[in-house]
Amino acid sequence: MAAPTSLPGPARGPAGAKPSAGWIPFLQAMLGISLFFLSWFLLVDVFALWRFAQLPKLSVSLREMFSPDPTFGVSVFTQEYYDHLKASAGRVIFAFLIAVSAGVVIGILSGWNRWFRAVCQPLLELARPIPVLAWIPLVILVMPSRESAVIALTFLAAFFITILNTMLGVRSIDEVYFRAAQSLGFSRWAILRHVVIPGALPFIFVGLQIAMAACWFSLVASEIVSGTAGLGYKVWEAYYYVQFETMVIMILTLGICGYISSAIIRRLGAYLMRWRGKTLGGVA
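With this note's numbering, the residue at position 60 of the sequence shown is 53, and numbering never jumps.
Structure, rendered in structure tokens:
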């Protein structure tokens, strides 16, 4: 009997994937970013339509950003730029790590323990909708320094998001897995390690990406009000002194920092959840 012929299909690499598949998401992302900047250039630089004429020109802003001798003293070639970047990045990282450490623990307890959830959830639901700007006066009164106040405000934005997503992740785990673990004689610690944490990880990492973005935009608000350095502080200072090109530089830097930090979290989540892709067999 003749061997069955294989169905025709596209050429694949050693791992069975299309050789060019990895470039498609990157090219799509570049297309979206390019369309945004092209729209900015056309609406502001070329046609100066309506209120867009009041915005800083893209060409001038980019020239200022990469100038060794910037008009307003700030570009990627100046030390002041990196001083503000370092100040903001340090605050975000510190606040984010504290928010994750506390938020994941509280979220797991809230999702796993009914008594703990009944006690804590009403308070969390009461505090979670309060905007970061509303916390500013209280935080400034409580915290001993401006630096600690900025970090505390940045922490609050990520804290509630982390709790909510972690709790939802735990509660999304099918009760069958808990019963199966108990029937196999798992201790509560073993259930936590082998059932609760792996089952909640997809929700946790989605929450961490949202929490990281919340850290950056709450940081800007807190630095404007109580900061003396940082990207948010420089955005407001540049606006106040009509240095709009410098303001654009800081805004673009915030976007780049947010994108990079979210990408790091996504890669970390993909690494820690390698088992998920194998379990689903490529379905997800």
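Every residue, glycine too, gets a C-beta built ideally from N, C-alpha and C.
Under the Cβ criterion (8 Å, minimum of three pairs), the segment 55 to 69 does not count as touching the segment 109 to 125. For asparagine 158, the three-state secondary structure derived from DSSP is helix.
For a cut-off of 8 Å, the C-beta gap from glycine 83 to glycine 162 is around 29 Å, too long to register as a contact. Across the set Phe34, Trp43, Gly192, the C-alpha of Phe34 shows the shortest separation from the C-alpha of valine 53. The beta carbons of alanine 231 and threonine 221 sit about 15 Å from each other, so the pair does not count as a contact at 8 Å. Separation of glycine 248 and glutamine 175 (C-alpha to C-alpha, rounded to the nearest whole angstrom) is 47 Å. Cβ contact annotation for phenylalanine 179 (same chain, cutoff 8 Å, sequence separation greater than five): His187, Val188, in chain order. Secondary structure at proline 18: helix, using DSSP grouped into helix, strand and coil. Across the structure, proline 195 and leucine 131 are spaced so that their CA atoms are roughly 34 Å apart. Counting C-beta pairs with one atom in each stretch, the segment 205 to 218 and the segment 30 to 45 have fewer than three that are closer than 8 Å, which means they do not touch. In the three-state DSSP reduction, isoleucine 123 falls in the coil class, being neither helix nor strand.
Distance check between tryptophan 182 and each of Leu102, Pro122, His77 places Leu102 closest, using alpha-carbon atoms only. Of Gly25, Phe65, Leu20, the smallest CA-CA separation from valine 241 is found for Phe65. Remark: three or more beta-carbon pairs, one from each stretch, lie closer than 8 Å, so the segment 89 to 99 and the segment 148 to 163 are flagged as touching.
Contact check for isoleucine 129 and valine 213: beta-carbon distance about 12 Å, past the 8 Å limit, so the pair fails to qualify.
Here DSSP, grouped into helix, strand and coil, assigns isoleucine 258 to helix. In this structure, the beta-carbon distance from glycine 225 to serine 81 falls below 8 Å. Membership of arginine 56 in the alpha helix (DSSP H) is indicated by the continuous run 51 to 58. In the same chain as phenylalanine 153, and ignoring 5 residues on each side of it, the C-beta atoms closer than 8 Å to its own belong to Gly96, Leu117, Ala120, Arg121, in chain order. The three-state reading of DSSP puts serine 165 in coil, since its state is none of H, G, I, E or B.
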